[in-house]
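If you're matching them up, the sequences are chains Y and V in order. Under our numbering, the first residue of the first sequence carries the number 323, and numbering increases by one thereafter. Under our numbering, the first residue of the second sequence carries the number 57, and numbering increases by one thereafter. Take a look at the structure set out below.
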Amino acid sequence: MHPLLEQFLEKWVWPTAPGARGAAFRLRITEEKCLKGWEIALQRSLAEIEKGLASGNDDWQRRVALGGYAGEGVQMSIKQMSAQLLSVDLTEQEHYIDLQRMRARQVWDECKHSKLHAEVLMAKGWIKDERELLHNAAAHTQPLPAYFGLSMMFPHIHPLARAAQHYFVEAIACLGIAAYIHLVDDPMVRHEHLSQRDEELMHFMEGKYKIDTYCTTLENQKPVEDTLDFLLHRLRVSL
Amino acid sequence: MAELPGKALAQELMQQSRTESRTTPMATVIQAAREGKFCAEESFRLIGQLWTLERLFYYIYGGWGQGLEIGDFPPSVKYLFSRQIMDESTHEMLYLDTLLRRRWIKTQKEAFSHPYGQFRLDSALAYYAFSLRNLATYPHSVRIAALNLGAKIVELTWMEGLAEALTDTDLQGVFTSQFVENRSHISMGRRIVEECIRTPFEADLCRWACGVARRDYGIFLCELSDMVLGRETIVEAQAAPLRVHD
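Shown next as structure tokens:
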């Protein structure tokens, strides 16, 4: 196991709050499903970064920034997070208002992230200002429409289903950031990733918290596990 | 930036809202506070209802955010909106925290079922929230004009008045701590209208939406002040009966 993953697991995955009734379920899906995915995702990130560094030019940084801009931020995330603000019925708000509070924070976090990607593109001279990106298809297209569509379907699936995305995919984001910080010296690329680190970790911890706190019955666990299976098998996230 | 197309309209909407904000149903609540008649029970009622309204904003903004598309507005408009979503959530938590800290309720769950925190469908609060939710049908710049240059100006004015009248510094802080965000929402509204409202058609929509938001917020304030001061609320239909076909 790569030391970056080992460190992440020790610090953030294995510790469990006393009395957390959903923790056994979380640890089972971690061992059965998440670990392999995280390991592959980290290896892939490291390999891609090394390939970029070996290319002898900065174009890979431009592609990473454009991809990041397309995948999070003002254009993609507001729609997703808004759908999830609506995933809690009024009659269920007393149980799940925390989910809405966390979404309200995440929409702001994600928008700051798109700004970081835009800053890289500006600092490197690839664009003059962010508005230029309005006419750049690469800044608005991504390879997994069904992933983002899934996010928008949570109001029709279950308020807790998003926890699978948070726990599994935000961990991959954390590991990807760790890989960039580990390998890249370029100050703008480090800024792009380092500035997101705490927020991505918070989003992962939200998934962990939601599973540990709320996923205490088979009924509550099923939508989370189904979503995780969809991510692993249909979208092949990190496989 | 003299060439901003919506500059005059923003000034017009702000001026109208400032004028209307001078006389609102909250004047009697502020007067009660000045006379020392705004005690724990009245505070509980006020904070409970304001919290109920704030928790409805998750649905209003959720609906608005769903309507944003790539390329429809400059990125800055969306950055400001995402910040506004978080600010509103902060205010929701601020009110709930006050309810808990004051021991008016023992748990968060209790707030949802307490008569002061309960959401009732047949209420002016619901009327206002639904009215805002309907603005999801309109361009983002129009709904932001309605809320940020309409109801929010009225809200800031009565909150400033109430904060000034309160002697309870802790309760005063609940309102004064929101001022920085409320003022920034008004500034956001001004900037968005100035920059994005370009045609007479859009300007007319803004005038209409701003008027509706102020009116429906005023109806809510009427219900709120009645409830806070323990008066019986008189419900009056605000518009002539309308045949609805859908």
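Don't be surprised by glycine CBs; every beta carbon is placed ideally from N, CA and C. Only a predicted model underlies this, so the values are computations on that prediction, with no experimental measurement involved.
Y/Ser377 burial status per 10 Å Cβ neighbour count (16 or more: buried): One-based indexing of the first sequence puts residue 377 of chain Y at position 55. By the 10 Å Cβ count, Y/Ser377 comes out exposed.
Does V/Tyr273 come within less than 8 Å of chain Y when only Cβ atoms are used? Counted from its first residue, the second sequence places residue 273 of chain V at position 217. No, its Cβ sits nowhere closer than 8 Å to a Cβ of chain Y.
Meets three-Cβ-pair contact criterion under 8 Å: the stretch 201-211 of chain V and the stretch 237-257 of chain V: yes
Distance CB(V/Met149)-CB(Y/Arg427) smaller than 8 Å: The residue you call residue 149 of chain V lines up with position 93 of the second sequence. The residue you call residue 427 of chain Y lines up with position 105 of the first sequence. Not in contact: V/Met149 and Y/Arg427 (Cβ atoms no closer than 8 Å).
Please report how far the alpha carbon of V/Arg139 lies from the alpha carbon of Y/Leu357, in whole angstroms. Position 83 of the second sequence holds residue 139 of chain V. Position 35 of the first sequence holds residue 357 of chain Y. Roughly 35 Å separates the two Cα atoms.
What residue from Y/Asp431, Y/His324, Y/Thr352 and Y/Val335 has the CA that sits closest to Y/Glu521's CA? Translated into the one-based positions of the first sequence, residue 521 of chain Y becomes position 199. Considering only alpha carbons, the answer is Y/Asp431.
From V/Val284 to Y/Lys355, what distance separates their C-alpha atoms? The count along the second sequence starts at 1 and reaches residue 284 of chain V at position 228. The count along the first sequence starts at 1 and reaches residue 355 of chain Y at position 33. V/Val284 and Y/Lys355: Cα-Cα distance of roughly 54 Å.
Please report the straight-line C-alpha distance between V/Met215 and V/Thr232, rounded to a whole angstrom. Working through the second sequence from its first residue, we reach residue 215 of chain V at position 159. Working through the second sequence from its first residue, we reach residue 232 of chain V at position 176. Their Cα atoms are separated by approximately 8 Å.
Can you tell which of V/Thr80, V/Arg78 and V/Ser240 has the C-alpha that lies nearest to the C-alpha of V/Ile200? Walking along the second sequence from the start, residue 200 of chain V turns up at place 144. Residue V/Ser240 is the option with its Cα nearest to V/Ile200.
Does the distance from the CB of Y/Glu361 to the CB of Y/Met323 come in under 8 Å? Position 39 of the first sequence holds residue 361 of chain Y. Position 1 of the first sequence holds residue 323 of chain Y. Contact: yes.
Nonlocal neighbours in the same chain, by C-beta distance under 7 Å from V/Glu110, ignoring five residues either side: Sequence index remark: in the second sequence, residue 110 of chain V carries index 54 (1-based). So the qualifying residues of the chain are Glu144, His147, Glu148 and Tyr151.
Near-chain Y residues of the stretch 160-174 of chain V (beta-carbon distance less than 7 Å), N- to C-terminal order: Lys165 and Phe168
Assign Y/Gln321 to one of two classes, buried (16 or more other C-beta atoms within 10 Å of its C-beta) or exposed (fewer than that). A query on residue 321 of chain Y cannot be resolved here, the shown segment of chain Y reaching from 323 to 561 and no further.
Along the chain, where does the alpha helix (DSSP H) containing V/Glu216 start, and where does it finish? In the second sequence, residue 216 of chain V corresponds to position 160, counting from 1. Taken as a continuous stretch (DSSP letters only), the alpha helix (DSSP H) holding V/Glu216 covers Lys208 to Ala221.
Y/His462 versus chain V: which residues are under 7 Å apart at the beta carbon? As a working mapping, residue 462 of chain Y is identified with position 140 in the first sequence. Going along chain V in sequence order, the residues near Y/His462 (Cβ under 7 Å) are Ile126.
As assigned by DSSP and simplified to three states, the class of Y/Ile533: Here residue 533 of chain Y refers to the residue found at position 211 of the first sequence. Y/Ile533: helix per DSSP, three-state reduction.
Environment of Y/Asp411 [buried if 16+ CB atoms lie within 10 Å]: For the purposes of this step, residue 411 of chain Y is identified with residue 89 of the first sequence, where counting begins at 1. Exposed: under 16 other Cβ atoms inside 10 Å.
Could you tell me which whole alpha helix (DSSP H) segments of length 4 or greater appear in the stretch 159-205 of chain V? 164-169, 180-190 and 196-202
Taking the CB atoms as reference points, tell me whether V/Gly121 and Y/Lys401 lie closer together than 8 Å. The residue labelled residue 121 of chain V in the question sits at position 65 within the second sequence. The residue labelled residue 401 of chain Y in the question sits at position 79 within the first sequence. It is a contact, given that the beta carbons lie within the stated cut-off.
Contact defined as beta carbons within less than 8 Å: I believe Y/Ala483 pairs with Y/Phe490. What is the distance between those atoms, to the nearest angstrom? Walking along the first sequence from the start, residue 483 of chain Y turns up at place 161. Walking along the first sequence from the start, residue 490 of chain Y turns up at place 168. That pair is no contact at about 12 Å.
Hey, Y/Leu497 and Y/Ser367: beta-carbon distance below 8 Å or not? As a working mapping, residue 497 of chain Y is identified with position 175 in the first sequence. As a working mapping, residue 367 of chain Y is identified with position 45 in the first sequence. Yes, they are a contact pair.
Below 7 Å on C-beta distance, what does V/Gln122 contact in chain Y? The residue labelled residue 122 of chain V in the question sits at position 66 within the second sequence. Residues of chain Y passing the Cβ test: Lys401, Ser404 and Ala405.
Proximity winner among Y/Ile479, Y/Asn458 and Y/Leu364, relative to Y/Leu388 (alpha-carbon distances): Counted from its first residue, the first sequence places residue 388 of chain Y at position 66. Out of Y/Ile479, Y/Asn458 and Y/Leu364, Y/Asn458 has the C-alpha closest to the C-alpha of Y/Leu388.
Identity of the residue in V/Gly118, V/Glu59, V/Phe113 and V/Ala167 nearest V/Gly104 by Cα: One-based indexing of the second sequence puts residue 104 of chain V at position 48. Comparing Cα positions, the closest option is V/Ala167.
Nearest chain Y C-beta to V/Arg111 closer than 8 Å, yes or no? By 1-based counting over the second sequence, the position of residue 111 of chain V is 55. Yes, V/Arg111 counts as interfacial toward chain Y.
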